[in-house]
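Undergrad: Each number in this note's numbering comes from the position in the sequence shown (counting from 1) with 33 added on.
Backbone N, C-alpha and C define an ideal beta-carbon position, used for all residues, glycine too.
Quantities reported herein were computed from a predicted structural model and do not represent experimental measurements.
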Amino acid sequence: MATELANAQTDRASLSVEGRVFEISKAVTFEAAHYMGGKPEGHPYRNVHGHSFRLEATVAGTVKAGEQWVEDFSHLTATLEATAAKLDHKLLNEIEGLDVPTLERICLWAAADLAPGLPGLTRVAVARPSLNERCELVL
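(1) Can you find the residues in the same chain that come closer than 6 Å, C-beta to C-beta, to Val-157, ignoring five residues on each side of it along the sequence?
(2) Using only the alpha-carbon positions, how far apart do Tyr-68 and Asn-126 sit?
(3) If I'm right that Lys-123 touches Ala-65 with Cβ under 8 Å, what's the distance once you round it to whole angstroms?
(4) Between Leu-48 and Val-159, is the Cβ-Cβ spacing less than 9 Å?
(5) Give me the Cβ distance between Ala-93 and Gly-52, rounded to the nearest whole Å; I'm assuming they're in contact under 8 Å.
(6) Distance check for Arg-79 and Ala-98, CA to CA, integer angstroms please.
Given below as structure tokens:
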């Protein structure tokens with residue numbers, strides 16, 4: 034629901050962030066390879082292949098007193114980049130917990146890795162943009 038201003042030039046009280054809950058999101062990218070073991074011989078997913086991935090995190094909360102934001106975007110970016118670095122240019126199947134590296138499992142893995150540094154984490158999404166595929170985990 035949008036905030037309506039009686040007069041956008043003078044009604045600044047309605048723009049107060051106090052008590053409102055906001056969601057902010059940031060995305061980073063990484064490159065990784067994987068394969069889907071257990072598929073029948075000749076199945077294309079059985080072969081090692083790579084993708085460009087997009088990892089996005091959403092943090093929700095009220096504006097921190099004296100800071101005027103829910104979370105500093107530089108902290109959100111650094112936290113996301115640290116998680117993406119653990120996956121970047123890796124064979125995902127070799128990472129503990131990702132022996133079957135579906136988008137769903139990558140979301141779960143990333144959420145577990147991100148959560149300690151982002152207490153307001155509410156959503157993690159992993160996408161393969163070139164394939165128009167996306168998975169979103171709502172926490």
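TA: Taking the coordinates as given:
(1) Within the same chain, Val-157 has close Cβ partners Ala-90, Cys-140, Ala-143, Ala-144 and Leu-170.
(2) C-alpha separation (whole angstroms): 7 Å.
(3) Yes, they are in contact, since the Cβ atoms of Lys-123 and Ala-65 sit about 5 Å apart, within 8 Å.
(4) Not closer than 9 Å, so no.
(5) Not really, about 14 Å apart at Cβ, beyond 8 Å.
(6) Between the C-alpha atoms of Ala-98 and Arg-79 there is a straight-line separation of about 51 Å.
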